[in-house]
Amino acid sequence: MKKVAYAADVRGLDADISQRGELEAVVARVGFAVARITMKMLSGAYGKRVYIEAGPGNNGEDARSAARFLSERGVKVIVKGIKDRDMGSIKEADLFIDGSFGVGINREFEPVKLPPHIPVLSVDVPSGLDADLGTLWGGCLAADVTATVGALKIGLLQNQGPLVSGKVEVALEDLYTSGTSVSLIEDTDVLEHLGEGDLYDHKWRHSVFVLAGSEGMFGAAELSANASYRLASGIVHLYYPSTPGGRMGVTLSPEIVRVGLDSLWAEPVIDAARHFKSTVIGPGLGRSLQLSNLVRRLLNNTEMPALLDADGIFALGDPARLRRIATSRNAPIVITPHEGEFNAFFEGSGVKVVRGEDRVKAAVRAAEMCGAIVLLKGSLTVVASPHGAAYLVGSGSSRLGVGGSGDVLSGVIGGLMARGVEPALASALGAHIHGRASSFLGGYSVRASDLIEGCVGWLSSLDKRWHRGLDVI
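Position in the sequence shown counted from 1, then plus 180, gives you the working numbering.
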């Protein structure tokens, strides 16, 4: 995982470094790292021309430090401040290093207008970008590469941050020795936390109970159940409200056990659910007082991790009721709203997702309020725990914006929880796998049902451990 820092974390780190008397040494290390990235971008050093715009703070000091290393390697370096820009030298440069402002920016910024052929390397964050919110202080010089120091800055990942940061490289990751409360999921985390199982596994050790579907919405239930089956590789039972003369008309996997509920009496459902390792509730379930009562009783009388999506979230009513249920059980509850569902569920609570504001803090506050794990879907997916920690997932793409995509995600996470992955981490890893699947599939477009195979295909491409058995020589 990559550490992710707020500006307050950076200020605290700077104070610690200064107090230990290590500021000069750290600036030198940052300068060397920036110089190394510069030479990689230039495909060499000797005879190249680099223009550096250095500001008055630590960001500018880092850029000046890079200038010294580059000069020693034969690069022709010109260092100027914002007020004495030399447009003639800028136009002759092979690369522009942006060291004007870092995380401390607090006023409008007017970036230099560069010829389009000159690549830009920004130090820590592109000048003009708010390091927390990912919004712009007036203007911003879009970078081809951003060399961020110590940890990713949260503003690089949300709102306009990804549009102006280019490729982000983290330098000096050892600076944050104590870690941060926010982390970005990487591919290696999937390998680390998805165990290969053991020789004595059987289907009920990775079993998933799904309560989903209704007349006209059986496809949502099937997508979720099938995703759980492919990710848990155990057994999945799908319970759904049936109607007189109605039947589930979609069949994606004959392996799924389907049970139609002629009534919404809770006791048989609770008795059945207790045999499973995880529960997925809500995709296409429908909304009624009877269903809400069934969902609440199911949660109150079972102790396996539970995921609630869409109508499952609606069944809880409000954050206060969710908190009462979540804090009374021994296993966590995960809710997976998109922005609209999030704002509707938390309406009146003082928590809202607003474009241009900090979605990470909104999700964390919501999780603390309701006592459940909150997965807030979006281009930057946030998984927040009630204890204040958060995982970020940025692997998704616009190709996930299809009907049924969220149902697949619910099933993926349910499957990972059934495999014993801690629910907050399972939610983050599931969202990462789901995002990778959208790119792995290729082609012009994807259907939600394609994503299930994409998840399995991408996982299989990572490692062959999943298929290991008993070795006899």
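Positions of the beta carbon are idealized from the N, C-alpha and C atoms, including for glycine.
(Q) If contacts are defined as beta-carbon pairs under 8 Å, then A405 and G591 qualify, I think. What distance do you get, rounded to the angstrom? (A) In the sequence shown, residue 405 corresponds to position 225, counting from 1. In the sequence shown, residue 591 corresponds to position 411, counting from 1. The pair is a contact, with the Cβ atoms about 6 Å apart (cut-off 8 Å).
With a cut-off of 8 Å on the beta carbons, I'd call V531 and M549 a contact; round off their distance for me. Position 351 of the sequence shown, counted from the first residue, corresponds to residue 531. Position 369 of the sequence shown, counted from the first residue, corresponds to residue 549. V531 to M549, Cβ: 6 Å. Contact.
In whole angstroms, what is the alpha-carbon distance linking V588 and L391?
-> Here residue 588 is taken as the residue at index 408 of the sequence shown, counted from 1. Here residue 391 is taken as the residue at index 211 of the sequence shown, counted from 1. Cα to Cα, V588 sits roughly 14 Å from L391.
Alpha-carbon spacing of V544 relative to D538, whole angstroms: What you label residue 544 is simply residue 364 of the sequence shown in a count that begins at 1. What you label residue 538 is simply residue 358 of the sequence shown in a count that begins at 1. One C-alpha to the other measures close to 10 Å.
- Message: Below 7 Å, is the gap between the Cβ of D266 and the nearest heavy atom of the ligand ADP?
- Response: Ligands are entirely absent from the displayed structure, and the ligand ADP is therefore not among its contents.
In chain order, which continuous runs of the alpha helix (DSSP H) of length 4 or greater are located wholly inside the region 496 to 583? 499 to 506, 519 to 525, 539 to 550
query: Nearest-angstrom Cα distance between V292 and L321?
result: Position 112 of the sequence shown, counted from the first residue, corresponds to residue 292. Position 141 of the sequence shown, counted from the first residue, corresponds to residue 321. When rounded, the distance between both Cα atoms is 7 Å.
**Message:** I believe L488 touches I513 by the beta-carbon criterion, under 8 Å. Please report the beta-carbon distance rounded to the nearest angstrom.
**Reply:** Start at 1 with the first residue of the sequence shown, and residue 488 comes out as number 308. Start at 1 with the first residue of the sequence shown, and residue 513 comes out as number 333. At roughly 7 Å, the Cβ-Cβ gap stays under 8 Å, so L488 and I513 are in contact.
In three-state terms, what does DSSP make of L374?
Sequence index remark: in the sequence shown, residue 374 carries index 194 (1-based). The answer is coil: DSSP assigns L374 none of H, G, I, E or B.
Hey, S361 and G568: beta-carbon distance below 8 Å or not? Sequence index remark: in the sequence shown, residue 361 carries index 181 (1-based). Sequence index remark: in the sequence shown, residue 568 carries index 388 (1-based). Yes, they are a contact pair.
### Message
For G583, count the other beta carbons within 10 Å of its own beta carbon; 16 or more makes it buried, fewer makes it exposed. Which is it?
### Response
On the sequence shown, position 403 is the one that residue 583 refers to. Label assigned to G583: exposed.
ask   = In three-state DSSP terms, what is H297?
value = For the purposes of this step, residue 297 is taken as residue 117 along the sequence shown, with counting starting at 1. Three-state result, H297: coil.
Subject >> Within 8 Å, strictly: CB atoms of L612 and S575 >> reply: Locating residue 612 in the sequence shown gives position 432, counting from the first residue. Locating residue 575 in the sequence shown gives position 395, counting from the first residue. Residue identity check: residue 612 is His in the sequence provided, not Leu. Yes, the Cβ-Cβ distance between H612 and S575 is below 8 Å.
### Task
Excluding the 5 residues preceding and the 5 following A234 in the sequence, name in chain order all residues of the same chain whose CB lies nearer than 6 Å to its CB.
Translated into positions along the sequence shown, residue 234 becomes position 54. So the qualifying residues of the chain are G240, A243, R244, V259, G279.
Span separating the alpha-carbon of I632 from that of L403 = Locating residue 632 in the sequence shown gives position 452, counting from the first residue. Locating residue 403 in the sequence shown gives position 223, counting from the first residue. Taking the straight line from one Cα to the other gives about 8 Å.
ask   = Under a Cβ-count criterion, where at least 16 other Cβ atoms within 10 Å of its own Cβ denotes burial, should H614 be classed as buried or exposed?
value = Within the sequence shown, numbered from 1, the residue matching residue 614 stands at position 434. That one is buried.
* **Backbone secondary structure at A185 - three-state DSSP** => Along the sequence shown, read from residue 1 onward, the residue named residue 185 stands at position 5. If DSSP states are grouped into helix, strand and coil, A185 belongs with the strands.
Do G318 and G330 count as a contact pair if the criterion is CB distance below 8 Å?
If you number the sequence shown from 1, residue 330 lands on position 150. If you number the sequence shown from 1, residue 318 lands on position 138. No, Cβ-Cβ distance for G330 and G318 is not below 8 Å.
Beta-carbon contacts of Q470 that lie in its chain and below 8 Å, excluding the five residues immediately before and after | Indexing the sequence shown from 1 puts residue 470 at position 290. Apart from the 5 residues on each side of it in sequence, Q470 sits with its Cβ closer than 8 Å to the Cβ of L444 in its chain, given in chain order.
With 16 other Cβ atoms within 10 Å as the buried cut-off, status of N238: Translated into positions along the sequence shown, residue 238 becomes position 58. N238 should be labelled buried.
On a Cα-Cα basis, can you pick out the residue from D264, I270, Y231, K271 that is closest to A255? What you label residue 255 is simply residue 75 of the sequence shown in a count that begins at 1. Correcting the residue identity first, residue 255 is Val in this sequence and not Ala. Of the listed residues, the one whose Cα sits closest to V255 is Y231.
> Can you tell me where the alpha helix (DSSP H) with S641 in it begins and where it stops?
Replying inline: The residue labelled residue 641 in the question sits at position 461 within the sequence shown. Residues 628 to 642.
### Beta-carbon contacts of D651 that lie in its chain and below 6 Å, excluding the five residues immediately before and after
Counting from one through the sequence shown, the residue named residue 651 turns up at place 471. Caution is warranted here: a pLDDT of 45 is assigned to D651, below 50, making its placement in the model unreliable, and no coordinate value can be reported.
Practice prompt. Go ahead and label T516 buried or exposed: buried means 16 or more other beta carbons lie within 10 angstroms of its beta carbon, across all protein chains shown.
Written response: As a working mapping, residue 516 is identified with position 336 in the sequence shown. The residue in question, T516, is buried, as its Cβ has 16 or more Cβ neighbours within 10 Å.
**Message:** Please report the straight-line C-alpha distance between I332 and L474, rounded to a whole angstrom.
**Reply:** Locating residue 332 in the sequence shown gives position 152, counting from the first residue. Locating residue 474 in the sequence shown gives position 294, counting from the first residue. Sequence check: residue 332 is Leu here, not Ile. Answer to the nearest angstrom: the Cα atoms are 43 Å apart.
Taking V626 as the reference, give the member of S578, H373, R599 with the closest Cα.
-> Taking the first residue of the sequence shown as position 1, residue 626 is located at position 446. With distances taken between Cα atoms, V626 lies closest to S578.
Using 8 Å for Cβ pairs, my map puts R503 next to T482. What's the rounded Cβ distance?
Against the sequence shown, residue 503 aligns to sequence position 323. Against the sequence shown, residue 482 aligns to sequence position 302. No, R503 and T482 are not in contact; Cβ-Cβ is about 18 Å, not under 8 Å.
Less than 8 Å between the C-beta atoms of I365 and V184, yes or no? Against the sequence shown, residue 365 aligns to sequence position 185. Against the sequence shown, residue 184 aligns to sequence position 4. No. Outside cutoff.
Might you give, ordered along the chain, the residues of its own chain that have their beta carbon closer than 8 Å to the beta carbon of G586, omitting 5 neighbours on each side? Taking the first residue of the sequence shown as position 1, residue 586 is located at position 406. These residues qualify, in order along the chain: P463, D489, A490, T516, H518, K557.
Own chain residues within Cβ distance below 6 Å of A407, not counting five before or after: As a working mapping, residue 407 is identified with position 227 in the sequence shown. Closer than 6 Å at the Cβ level, and outside the excluded window around A407, lie V588, G591, V592, I632.
query: When the distance is taken between beta carbons, is I285 closer than 8 Å to F276?
result: Locating residue 276 in the sequence shown gives position 96, where the first residue counts as 1. Locating residue 285 in the sequence shown gives position 105, where the first residue counts as 1. No, Cβ-Cβ distance for F276 and I285 is not below 8 Å.
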